[in-house]
Amino acid sequence: MKTLIAYSSTLGCTEQCASRLKADLGNGVEMFRISRRRRINLQDYDTVIIGGSIHAGIIQRSVRHFCETNLKVLLQKQVGLFVCCMDPEADENEMIQKAFPEKLVENALASGFFGGELNIKKMNLLQKIMTRKAARLQKEPEIDFQKILEFARILQEA
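Residue 142 in the numbering used here sits at position 156 of the sequence shown; the count goes up by one each step and never skips.
And the structure:
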């Protein structure tokens, strides 16, 4: 079984989660960064996992476009969907529903919310200011590696 993890990462958190997921899934897994705008033949894969990060309530435009453009092919594949977000109080199901096309969500074998992480070094000035203000109001976000492992287990059992 050949698996593709297609993702977009703004500050590196989603890429880190995708890498961890790749390691948890084992051999036969390739990663593809959607935002690099290269073409990929999805017909070469049995399973396609799509992930992105949520900023201000929405997923990256490149992830949404990738899903909409390839929807017919994706509906013929085993699909997993995941999001990364720094809001630990956010509703996982609601985020998945808003981030991906409805038919794709219905067809997905697994969906996951992997948490988030601050990477100050990669932020621009405005992002740093907004993050510092928000950080005073809530606890420090973190990636939930246990959820990534559980997501991988669900896909392997399918």
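Don't be surprised by glycine CBs; every beta carbon is placed ideally from N, CA and C. Note that this is a predicted model, so its numbers are computed, not measured.
| Asked | Found |
| --- | --- |
| Going by C-alpha to C-alpha distance, which of Ser39, Val65, Gly101, Asn13 sits closest to Asp32? | Val65 |
| Measure the alpha-carbon distance for Ile134 versus Cys3 and round it to whole angstroms. | 7 angstroms |
| Is it right to say Val59 is buried, meaning 16 or more other beta carbons lie within 10 angstroms of its own, or is it exposed? | exposed |
| Quick check: Gly37 and Ile(-9), are their CB atoms within less than 8 angstroms of each other? | yes |
| Less than 8 angstroms between the CB atoms is what I'm expecting for Ala144 and Leu67, so what's the real figure, rounded? | About 13 angstroms separates the two Cβ atoms, so there is no contact after all. |
| Would you kindly work out how many angstroms separate the C-alpha atoms of Thr(-4) and Arg50, rounded to a whole number? | 14 angstroms |
| What residue does the beta strand (DSSP E) around Ser(-6) start on, and which one ends it? | Premise fails: Ser(-6) is in no beta strand (DSSP E) and is neither H nor E. |
| Taking the continuous alpha helix (DSSP H) assigned at Met81, which residues delimit it? | 78 to 85 |
| In the structure shown, what three-state DSSP assignment does Arg19 receive? | strand |
| Just tell me which of Gly98, Glu78, Phe18 has its CA closest to the CA of Glu1. | Phe18 |
| How long is the line joining the alpha carbons of Ile40 and Ala76, rounded to whole angstroms? | 10 angstroms |
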